[in-house]
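S.K.: Would you mind keeping the following structure in view while I ask a few things?
Protein chains: 2
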Amino acid sequence: MTDELAQHRKAELVQRLRQAGLRVTQPRLWVLDVLDRVSGHWSADEVLAAVRARGARLSRATVYNVIHALVSSGLVMVADAGPGRMLLESARVWHHHFVCRDCGTVIDVPCVIGAKPCLQPALPGAEVDEAQVIWRGRCPRCVARSASRGGEHARQTSSRTSASASDRSIGAWTGG
Amino acid sequence: MTDELAQHRKAELVQRLRQAGLRVTQPRLWVLDVLDRVSGHWSADEVLAAVRARGARLSRATVYNVIHALVSSGLVMVADAGPGRMLLESARVWHHHFVCRDCGTVIDVPCVIGAKPCLQPALPGAEVDEAQVIWRGRCPRCVARSASRGGEHARQTSSRTSASASDRSIGAWTGG
DNA sequence: TCACTTCTCTGGACACTGTCCAAGATACTG
DNA sequence: CAGTATCTTGGACAGTGTCCAGAGAAGTGA
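Chains as they are written, first to last, in the working numbering: chain A, 1124 to 1299; chain B, 1124 to 1299.
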């Protein structure tokens, strides 16, 4: 990346922080840049490691402070994929998650609504900020792998076919 | 509770463990009984405390072992309401959760489908065991409390009204 | 009923994740 | 540029969940 590009990039990040009403500090720029640049799901410590890998000096407490600031201002989204697994992502497009119970992989599932909240609970009087859907099961890769070994998961697959009725599908709002 | 009732109750728990293909052990009966008897959401340590409060001797590692066994056999359900917050419940009726960002309360939201998975992701080739929805926002009680103090959350409430379109509601499958 | 096999429980150590604190540093305002 | 409010730092700490080897219990078949 050239210096000019780097400057342009930084200016964009600064603008996004200001628009969110946040002070512009180095740690915030670093964290936002890391989450923004690489797709995928990050833990707080992975973000810390990524920032430090660039030679920056940053404490763990700061990473959590920054994350809280970015999340509460909507620049970063957090998904819980299990106990103690805080998944951080750039909040460019609202989406949901599929967690594989075999390999632990977390897969993004698009949400065609794209805005929050995309679902409404049956809870009169509540103010809803967002709705997050987490699917659990076995990812296509693990399904294919076990199928090639002789279909030892035949029993479980029945639950999938039994749920294929269109009235129970949200393909309409997940883009499927 | 009379002895006769206790015996009947135990027999029922034993039957449920056997039906799930699990060995019948004291810790499993205790944990299942605690989760079954009291409504609400339990952390693993709260389950441990509740079992010990009855005079039973149980280690923390065992509680986690038992929880994993009961969850994987479908007798108990787990919801993640935040980092490090494993919420345990008896899996009698499938439902979802609303987490209040002000007071932290977790509220059950009924799911009229009642079976798993109640939603399907746009993820071809995957086997889906379950879909969990977690709403975040402010619970009716916190909304009412701040409204009575003068509507200091007026800005946030706009997000609620903007999402009331029926095509973005899942009242149909949550029983609303 | 008994022996045997397999699974489960135990208690402690450990890892991971997130929070709290006071002091110092920094960003923004006028 | 000074002042103020906010942020960062590093360490200590708490909460949650996992791992391990040995001991114990449940289920099975005779």
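Where is the CB? At the ideal position from N, CA and C, for every residue including glycine.
Small disclaimer: the values here were computed from a predicted structure and weren't measured.
#1: At least one CB of chain B closer than 7 angstroms to the CB of A/ARG1180: is that the case?
#2: Could you spell out the range, first to last residue, of the alpha helix (DSSP H) harbouring B/SER1215?
#3: Does A/SER1213 pass the burial test, meaning 16 or more other C-beta atoms within 10 Å, or should it be called exposed?
#4: Looking at B/HIS1219 and B/VAL1266, is the spacing between their C-beta atoms short of 7 angstroms?
#5: When you compare the stretch 1240 to 1251 of chain B with the stretch 1245 to 1264 of chain A, are there three or more beta-carbon pairs, one atom per stretch, that lie closer than 8 angstroms?
#6: Tell me, which residues are paired with A/CYS1265 by DSSP?
#7: Counting only C-beta atoms, is B/ILE1190 closer than 7 angstroms to chain A at any point?
#8: Do B/VAL1199 and B/PRO1150 come within 7 angstroms of each other at the CB atom, strictly closer than that value?
#9: For B/CYS1262, go through chain A and note every residue whose CB falls closer than 7 angstroms to its CB, in chain order.
#10: Going by CA-CA distance only, name the one from A/LEU1171, A/ARG1146, A/VAL1147 and A/ASP1231 that's closest to A/LEU1158.
#11: Quick one: Cα of A/ASP1225 to Cα of A/LEU1193, how far?
#12: Can you check which of these residues, A/THR1185, A/VAL1161, A/TRP1153 and A/HIS1164, is closest to A/ARG1177 by C-alpha distance?
#13: Would you say B/LEU1246 reaches chain A, if we count a Cβ-Cβ gap shorter than 7 angstroms as a contact?
#14: Considering only the alpha carbon of each residue, which of B/VAL1216, B/ALA1179 and B/ARG1268 lies closest to B/CYS1234?
#15: Checking contacts by CB at 7 angstroms: is A/ARG1183 closer than that to chain B?
#16: Could you name the residues that DSSP lists as bridge partners for B/SER1260?
#17: Leaving out five residues on either side along the sequence, give the residues of the same chain with a beta carbon under 8 angstroms from the beta carbon of B/VAL1161.
#18: To the nearest angstrom, how far is it from the Cα of B/VAL1229 to the Cα of B/VAL1222?
#19: If the criterion is Cβ atoms closer than 7 angstroms, does the pair B/VAL1137 and B/ALA1167 meet it?
#20: Does A/ASP1231 get closer than 7 angstroms to chain B when you measure Cβ to Cβ?
#21: Can you name the start and end residues of the alpha helix (DSSP H) that B/PRO1150 belongs to?
#22: Which residues in chain A sit within 9 angstroms of B/GLN1149, going by Cβ to Cβ distance?
#23: For the putative contact between B/TRP1258 and A/VAL1147, defined by C-beta atoms under 8 angstroms, what is the C-beta separation to the nearest angstrom?
#24: Nearest-angstrom Cα distance between A/TRP1165 and A/GLY1227?
#25: Which residues share a DSSP beta bridge with A/PRO1073?
#26: So, A/SER1196 versus A/LEU1145, is the Cβ gap smaller than 7 angstroms?
#27: Using a Cβ-Cβ cutoff of less than 6 angstroms, which residues in the same chain neighbour A/ALA1143 once the five nearest sequence positions on both sides are dropped?
#28: Cα-Cα, which of B/ARG1183, B/GLY1163, B/ALA1184 and B/ARG1175 is closest to B/ALA1202?
#29: Any idea what DSSP makes of B/HIS1276, helix, strand or coil?
#30: Spell out the partners DSSP gives B/ALA1302 in its beta bridges.
#31: Checking contacts by CB at 7 angstroms: is B/SER1292 closer than that to chain A?
#32: Does any residue of chain A bring its CB to less than 7 angstroms from the CB of B/GLN1255?
M.R.: Once the coordinates are examined:
#1: No, because no Cβ of chain B sits closer than 7 angstroms to the Cβ of A/ARG1180.
#2: Inspection of the sequence shows that residue 1215 of chain B is occupied by Arg rather than by Ser. Counting along the chain, no alpha helix (DSSP H) covers B/ARG1215, and no H or E run does either.
#3: A/SER1213 comes out buried.
#4: Not a contact, by the Cβ cut-off of 7 angstroms.
#5: The stretch 1245 to 1264 of chain A and the stretch 1240 to 1251 of chain B touch, with three or more beta-carbon pairs separated by less than 8 angstroms.
#6: Beta-bridge pairing links A/CYS1265 to no other residue.
#7: Answer no: the Cβ-Cβ gap between B/ILE1190 and chain A never drops below 7 angstroms.
#8: For the pair B/PRO1150 and B/VAL1199, the CB atoms are not nearer than the 7 angstroms cut-off.
#9: Residues of chain A passing the Cβ test: ALA1249.
#10: Distance from the Cα of A/LEU1158 is smallest, within the candidate group A/LEU1171, A/ARG1146, A/VAL1147 and A/ASP1231, for A/LEU1171.
#11: Within the model, the alpha-carbon separation for A/ASP1225 versus A/LEU1193 is close to 32 angstroms.
#12: Cα-wise, what sits closest to A/ARG1177 is A/TRP1153.
#13: At least one C-beta of chain A is nearer than 7 angstroms to the C-beta of B/LEU1246.
#14: Closest option to B/CYS1234, Cα to Cα, is B/VAL1216.
#15: Cβ-Cβ to chain B under 7 angstroms: no for A/ARG1183.
#16: Strictly speaking, residue 1260 of chain B in this sequence is Gly, with Ser absent from that position. DSSP output for B/GLY1260 lists A/VAL1251 and B/CYS1223 as bridge partner(s).
#17: Leaving aside the five residues that flank B/VAL1161 on each side, the residues in its chain whose CB is nearer than 8 angstroms to its CB run, in chain order, ALA1173.
#18: Within the model, the alpha-carbon separation for B/VAL1229 versus B/VAL1222 is close to 5 angstroms.
#19: Taking 7 angstroms as the Cβ cut-off, B/VAL1137 and B/ALA1167 do not qualify as a contacting pair.
#20: So no, A/ASP1231 is outside the interface.
#21: Where B/PRO1150 is concerned, the enclosing alpha helix (DSSP H) stretches over 1149 to 1160.
#22: Residues of chain A passing the Cβ test: none, with the nearest at roughly 25 angstroms.
#23: About 32 angstroms separates the beta carbon of B/TRP1258 from that of A/VAL1147, a gap too long to meet the 8 angstroms contact definition.
#24: Going from the Cα of A/TRP1165 to the Cα of A/GLY1227 covers about 14 angstroms.
#25: In the structure displayed, chain A extends from 1124 to 1299; residue 1073 of chain A sits before or after that span and is not available.
#26: Result yes, Cβ atoms of A/SER1196 and A/LEU1145 sit closer than 7 angstroms.
#27: Within the same chain, A/ALA1143 has close Cβ partners SER1196 and LEU1198.
#28: Selected option, being the one with the closest Cα: B/GLY1163.
#29: Note that B/HIS1276 has pLDDT 40, beneath the 50 cutoff, so the model's placement of it is unreliable and no number is given.
#30: Shown here, chain B extends from 1124 to 1299; a query on residue 1302 of chain B therefore has no answer.
#31: Its pLDDT being 34, under 50, B/SER1292 is placed unreliably by the model, and the measurement read from it follows with that caveat. Chain A places a beta carbon closer than 7 angstroms to that of B/SER1292, counting this residue as a contact.
#32: By this cut-off, B/GLN1255 is an interface position.
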